[in-house]
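Below is one structure, written out as structure tokens; the observations come after it.
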Ligand SMILES: Nc1ncnc2c1ncn2[C@@H]1O[C@H](COP(=O)(O)OP(=O)(O)OP(=O)(O)O)[C@@H](O)[C@H]1O
Ligand SMILES: [Mg+2]
């Protein structure tokens, strides 16, 4: 079964100027346990795809399926929303969007765990475990989001998303604000979770090093249309669309390495294990 499937999806926002579609006949799929990169210039429709998958926006046309369930706008009813949350979670570039500013990070994660039926007595321990996975400790667990650094807050948002135990995780520029070493730790965590739990990913990012490190396939989006789709390695090495060539030339490549390549500086940070 596919984790995510979009078939001929279009989206026109009601308030859109000039009636231009934000998405036009977009089809893509992510297999269970696979990882897809979504690349494209600002305004190309990447976040719109994420919002449709989350049920935050209805598609204007086409079909959206997550783990066999058809998605059409916001799930109706509390139970349907909780079930949908377990299918798919997102971490946005701005972690303020996913963290309650008045709740200590550890408490927020405990709440999420309890909502998704972890016993009260086990919730604190599990929350600390999740925070430890993203490199945060008890001090951060007791802090309000506003008391943390941007990178710490982002990691807290990732831990909270993982607390739900989702099958699919969307990362919308979610590691962009982290230092390279923390980014490496978090990316390794994603790769580990993929292997251990069969989690599937949609990685929205401008960072080609990230795309190369954590995705199997990639899609290039331009003005709401898919202009290129294929195995990440090939797409980056031999892009076929002139737009992709232009895009690849315009983005700093960062640390262009594959997951299983031998370690050389400066990519050493990307290969540190999180499971030690
Ligand atoms: N709520 C909205 N109402 C009207 N138009 C919108 C809305 N949200 C997005 N758009 C428009 O839809 C298009 C796609 O936006 P989207 O946010 O999906 O782009 P993106 O690829 O995520 O860009 P970025 O890289 O800057 O985050 C843009 O033209 C944008 O202005
Ligand atoms: Mg966006």
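Residue numbers (my numbering): 136 to 411. Idealized CB from N, CA, C, for every residue including glycine.
**OP:** Using a threshold of 8 Å, state whether the C-beta atoms of residue 294 and residue 244 are closer than that.
**Re:** Position 159 of the chain shown, counting from 1, holds the residue named residue 294. Position 109 of the chain shown, counting from 1, holds the residue named residue 244. In this structure, residue 244 lies closer than 8 Å to residue 294 by Cβ.
**OP:** Taking residue 155 as the reference, give the member of 180, 174, 173 with the closest Cα.
**Re:** On the chain shown, position 20 is the one that residue 155 refers to. When each option's Cα is compared against that of residue 155, the closest is 180.
Original post:
For residue 247, is the classification buried or exposed, using 16 other Cβ atoms within 10 angstroms of its Cβ as the cut-off for buried?
Top reply: As a position in the chain shown, residue 247 is number 112, starting the count at 1. So residue 247 counts as buried.
Original post:
Apart from the five residues on each side of it in sequence, which residues of its chain come closer than 6 Å, Cβ to Cβ, to residue 395?
Top reply: Along the chain shown, one-based indexing puts residue 395 at 260. Residue placement at residue 395 cannot be trusted, given a pLDDT of 42 that sits under 50; the coordinates are not used to answer.
Original post:
Around ligand 1, what residues have a beta-carbon under 6 Å from a heavy atom of it, in chain order?
Top reply: 148, 150, 151, 157, 175, 177, 178, 179, 180, 181, 182, 183
**OP:** In angstroms with no decimal places, state the Cα-to-Cα distance between residue 189 and residue 141.
**Re:** In the chain shown, the residue the question calls residue 189 occupies position 54. In the chain shown, the residue the question calls residue 141 occupies position 6. Going by the C-alpha atoms only, they are around 13 Å apart.
**OP:** Report the rounded CA-to-CA distance for residue 380 versus residue 254, giving the unit in angstroms.
**Re:** Here residue 380 is taken as the residue at index 245 of the chain shown, counted from 1. Here residue 254 is taken as the residue at index 119 of the chain shown, counted from 1. About 51 Å.
Original post:
How many angstroms separate the CA atom of residue 390 from the CA atom of residue 343?
Top reply: For the purposes of this step, residue 390 is taken as residue 255 along the chain shown, with counting starting at 1. For the purposes of this step, residue 343 is taken as residue 208 along the chain shown, with counting starting at 1. With a pLDDT of only 46 at residue 390, under 50, the local geometry of the prediction cannot be trusted, and the value read off the model is given with reservation. Their Cα atoms are separated by approximately 8 Å.
Original post:
So, do the segment 313-325 and the segment 264-273 have three or more beta carbon pairs nearer to each other than 8 Å?
Top reply: yes
Original post:
Considering residue 257, what are the terminal residues of the alpha helix (DSSP H) in which it resides?
Top reply: Position 122 of the chain shown, counted from the first residue, corresponds to residue 257. From DSSP, the alpha helix (DSSP H) with residue 257 extends over 255-268.
Original post:
Taking all protein chains shown into account, do 16 or more other C-beta atoms lie within 10 angstroms of the C-beta of residue 275, making it buried, or fewer, making it exposed?
Top reply: Position 140 of the chain shown holds residue 275. Classification of residue 275: buried, given that the 10 Å Cβ count is 16 or more.
**OP:** Counting only runs of 3+ residues fully inside the segment 187-241, write out the beta strand (DSSP E) ranges in chain order.
**Re:** 196-201, 223-226
Original post:
Any chance the CB of residue 229 is under 7 Å from a heavy atom of ligand 2?
Top reply: As a working mapping, residue 229 is identified with position 94 in the chain shown. Because no heavy atom of ligand 2 lies under 7 Å away, the Cβ of residue 229 does not count as near it: no.
Original post:
Between which two residues does the alpha helix (DSSP H) harbouring residue 446 extend?
Top reply: Nothing about residue 446 can be read from this structure; the chain reaches only from 136 to 411.
Original post:
Near residue 283, which residues of its chain fall below 8 Å by C-beta distance, leaving aside the five closest residues on each side in sequence?
Top reply: In the chain shown, counting from the first residue as 1, residue 283 sits at position 148. If we look at residue 283 and ignore the five residues flanking it on each side, its Cβ neighbours are 240, 275, 291.
Subject >> Three-state class that DSSP yields for residue 308 in the structure shown >> reply: Here residue 308 refers to the residue found at position 173 of the chain shown. Residue state, collapsed to three classes: coil.
Subject >> Endpoints, beta strand (DSSP E) assigned at residue 357 >> reply: Looking up residue 357 in the chain shown gives position 222. 352-357 is the extent of the beta strand (DSSP E) around residue 357.
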